[in-house]
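I have placed the structure first, in the form of structure tokens, so that the comments after it can refer back to it.
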Amino acid sequence: MRWILVFILGTFSSMVCAQGTADSLVKYTNEYRFIDGVFPDFQSVKHNNPIPKSRIISENEYDDNNFFENLLSQKQIRYFDMLGNSLELSTKNIWGYAQNGFIYIKIDDGYNRITLVGSICHVVAYHTYENYNNYPSYNNYGYNTYYPNQTTPTTEMRQYLFDFQIGRIVPYDTDGLEILLMSDPTIYDEYMQLSSKKKEQMRFVYVRKFNDRNPLYLINIKK
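Under our numbering, the sequence shown has 199 at position 199, and the numbering climbs by one with no breaks.
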């Protein structure tokens, strides 16, 4: 019956939060905190309006650091809406979640923390895939027999850029950055004047430049 008590407390806290929510926007700074919970879609992220942990029905411990990872590894989650109705939501298309004020975005089958938040965000993701190998065996004439489908897991780091205005993800390379810089012709033209080598070296610098000229504004949540 633990989740019933959690729901009652969560509903009260959500009502208080809703009453303190302003329609105004604030410029994003490192002090800004996203409300802990599950974001079903990108619009809920932009409005900082997740399904809070307190309204999620789960057998997992709510203070577990892996609560959201364990929750979203399931096919569906159950939660209470503001009217107390029990609803189900497929995790297949969930955008991500917030924990301790930081946001985690779903890329492929994993959730990855956005390390730099701004109009252009930077994300580091880790991908694990299987390597298929053919292993030779000896005979009197050397290697001539192979055993296919032997696999070894390999994990690699990949970097991405995320456009916080429209929710687009692109690879963290010069082509991806050029696409996102187009919305600011001044920065874009400056970047395009660089040599290919300089473009590679200055990618992060131009992400910062773009964010300085085009600050991210989010819903002001008053506590």
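By construction, the Cβ of each residue, glycine as well, lies at the ideal position given by its N, Cα and C atoms.
Closest option to Y126, judged by alpha-carbon separation, among I120, N112 and Y172: N112. Looking at the DSSP output, H122 bridges to L116 and L161. Linking K209 to I219 through their CA atoms gives a straight-line distance of about 23 Å.
Around the CB of Y62, fewer than 16 other CB atoms lie within 10 Å, so the residue is classed as exposed. Where Q43 is concerned, the enclosing alpha helix (DSSP H) starts and stops at F42 to K46. In this structure P185 is exposed. Its beta-carbon is surrounded by fewer than 16 other beta-carbon atoms within 10 angstroms. Restricting attention to P52, N66, F102 and N100, the CA atom closest to the CA of R78 is found in P52. With respect to Y97, G167 sits apart: the two C-beta atoms are not nearer than 8 Å.
Assignment of beta-bridge partners to E156 by DSSP yields H127. For the options T91, L177 and P40, the alpha carbon positioned closest to that of D163 is the one of L177.
Runs of the beta strand (DSSP E) lying entirely within the segment 157-216 and spanning at least 3 residues, in chain order: 168-171.
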